[in-house]
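Participant:
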Amino acid sequence: NAGVTQTPKFQVLKTGQSMTLQCAQDMNHNSMYWYRQDPGMGLRLIYYSASEGTTDKGEVPNGYNVSRLNKREFSLRLESAAPSQTSVYFCASSEYSQHTDTQYFGPGTRLTVL
Amino acid sequence: KNEVEQSPQNLTAQEGEFITINCSYSVGISALHWLQQHPGGGIVSLFMLSSGKKKHGRLIATINIQEKHSSLHITASHPRDSAVYICAVRIQGAQKLVFGQGTRLTINP
Numbered sequence: 050n051a052g053v054t055q056t057p058k059f060q061v062l063k064t065g066q067s068m069t070l071q072c073a074q075d076m077n078h079n080s081m082y083w084y085r086q087d088p089g090m091g092l093r094l095i096y097y098s099a100s101e102g103t104t105d106k107g108e109v110p111n112g113y114n115v116s117r118l119n120k121r122e123f124s125l126r127l128e129s130a131a132p133s134q135t136s137v138y139f140c141a142s143s144e145y146s147q148h149t150d151t152q153y154f155g156p157g158t159r160l161t162v163l
Numbered sequence: 444k445n446e447v448e449q450s451p452q453n454l455t456a457q458e459g460e461f462i463t464i465n466c467s468y469s470v471g472i473s474a475l476h477w478l479q480q481h482p483g484g485g486i487v488s489l490f491m492l493s494s495g496k497k498k499h500g501r502l503i504a505t506i507n508i509q510e511k512h513s514s515l516h517i518t519a520s521h522p523r524d525s526a527v528y529i530c531a532v533r534i535q536g537a538q539k540l541v542f543g544q545g546t547r548l549t550i551n552p
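Sequence order for the protein chains is H and U. Going by this note's numbering, the first residue of the first sequence is number 50, and it counts up by one from there. Going by this note's numbering, the first residue of the second sequence is number 444, and it counts up by one from there.
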């Protein structure tokens, strides 16, 4: 099992360009998440999907859109990149229930916006 | 004020020392997580706690719900324990996690 995979690993964009970060999991989890990690700050939730067909905003959704394409895949789109979106992006998945929500993280995408 | 605060922010110790990392939170929670982020950036979940204590190898996590406080202990620390340790809480009634800023641990040989 690959777990959670993300593509690309690195990306450099110019201000105003768009791109989509891809995430896929092979653990049959219902829930998937997108986080960003900035120096000196904890992980912050951008969007999450509790189940296939649903998405909800997290703490920092502005400037991003998401698509839960199917149970396996959850993509994050930047429509018009800004330097403030320079960050490391992590995708995660979990089988959320009252008793467990251990999250499994992808390796991350390091994005630089010039 | 952050909902989840960790201390210390940075910790350097010698191999073999007993390590304690603290996490305090200010909201009602249904669970608390400890995660480890390796120097290469990968993040793995270590523990999920809703009460009491859990142990896995040399790692021990405790939580005091009344005091809104959790600790992560490492016994017989080793250089391979060098990493950032992250505390996260699941707020009551919500699916989302809120993360602390992390504690950077360095164990010198």
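Even glycine gets a Cβ: it sits at the ideal position worked out from N, Cα and C. Computed from a prediction, not measured in an experiment: that's the story for all the values here.
1) Here's a check: name, in chain order, each residue in its chain whose Cβ is nearer than 6 Å to the Cβ of S142 of chain H, leaving out the five neighbours to either side.
2) Give the DSSP-derived three-state secondary structure of D524 of chain U in the structure shown.
3) Taking only runs of the beta strand (DSSP E) that begin and end inside the region 455 to 515 of chain U, which ones reach a length of at least 3 residues, in chain order?
4) Would you please verify whether the beta carbon of L92 of chain H is less than 7 Å from any beta carbon of chain U?
5) Just the Cα atoms here: how many angstroms apart are A519 of chain U and T505 of chain U?
6) Check whether the region 533 to 540 of chain U and the region 132 to 152 of chain H are in contact - that is, three or more C-beta pairs closer than 8 Å.
7) Can you list, in chain order, the residues of the region 82 to 108 of chain H whose Cβ is nearer than 9 Å to any Cβ on chain U?
8) Between L94 of chain H and E108 of chain H, how many whole angstroms is the CB-CB distance? I'm expecting something under 8 Å.
9) Name the chain U residues that come within less than 7 Å of G157 of chain H, Cβ to Cβ?
10) Hey, does Y145 of chain H have any beta-carbon neighbour from chain U nearer than 7 Å?
11) Is the region 99 to 114 of chain H touching the region 123 to 137 of chain H in the sense that three or more CB pairs, one from each, lie closer than 8 Å?
12) Taking S80 of chain H as the query, report the chain U residues whose CB atoms sit under 8 Å from its CB, ordered along the chain.
13) Can you tell me which residues form a DSSP beta bridge with I529 of chain U?
14) Taking contact to mean 3 or more Cβ pairs, one atom from each stretch, closer than 8 Å, check whether the region 535 to 544 of chain U and the region 487 to 504 of chain U are in contact.
15) Measure from the alpha carbon of M76 of chain H to the alpha carbon of each residue in H:M68, H:Y145, H:Y96, then state which is nearest.
16) Is it the case that the Cβ atoms of L515 of chain U and I464 of chain U are separated by a distance below 7 Å?
Facilitator: Taking the definition as stated:
1) Sequence index remark: in the first sequence, residue 142 of chain H carries index 93 (1-based). V53, Q74, H78, M81, Y153, listed in sequence order.
2) Here residue 524 of chain U refers to the residue found at position 81 of the second sequence. In this structure, D524 of chain U counts as helix in the three-state DSSP scheme.
3) Runs of the beta strand (DSSP E) lying entirely within the region 455 to 515 of chain U and spanning at least 3 residues, in chain order: 462 to 468, 472 to 480, 486 to 492, 495 to 499, 502 to 507.
4) Taking the first sequence and counting its residues from 1, the one referred to as residue 92 of chain H is at position 43. Interface annotation, L92 of chain H: in contact with chain U, CB-CB separation under 7 Å.
5) For the purposes of this step, residue 519 of chain U is taken as the residue at position 76 of the second sequence. For the purposes of this step, residue 505 of chain U is taken as the residue at position 62 of the second sequence. A519 of chain U and T505 of chain U: Cα-Cα distance of roughly 18 Å.
6) Flag = yes, the region 533 to 540 of chain U and the region 132 to 152 of chain H touch.
7) Residues of the region 82 to 108 of chain H with a C-beta less than 9 Å from any C-beta of chain U: Y82, Y84, Q86, G89, M90, G91, L92, R93, L94, Y97, A99, D105, G107, E108, listed in chain order.
8) Here residue 94 of chain H refers to the residue found at position 45 when the first sequence is read from its first residue. Here residue 108 of chain H refers to the residue found at position 59 when the first sequence is read from its first residue. With a Cβ gap of about 5 Å, L94 of chain H and E108 of chain H count as contacting.
9) What you label residue 157 of chain H is simply residue 108 of the first sequence in a count that begins at 1. Against chain U, the beta carbon of G157 of chain H has neighbours under 7 Å at G484, listed in chain order.
10) Here residue 145 of chain H corresponds to residue number 96 of the first sequence, with the count starting at 1. Any Cβ of chain U closer than 7 Å to the Cβ of Y145 of chain H would place that residue at the interface, and such an atom is present.
11) They touch, by the three-pair rule.
12) The residue labelled residue 80 of chain H in the question sits at position 31 within the first sequence. By Cβ distance, chain U contributes Q538.
13) Within the second sequence, the letter at position 86 stands for residue 529 of chain U. Secondary-structure assignment with DSSP links I529 of chain U through a beta bridge to U:L478.
14) No: fewer than three Cβ pairs fall under 8 Å.
15) One-based indexing of the first sequence puts residue 76 of chain H at position 27. When each option's Cα is compared against that of M76 of chain H, the closest is H:Y145.
16) On the second sequence, position 72 is the one that residue 515 of chain U refers to. On the second sequence, position 21 is the one that residue 464 of chain U refers to. The Cβ atoms of L515 of chain U and I464 of chain U sit closer than 7 Å to each other.
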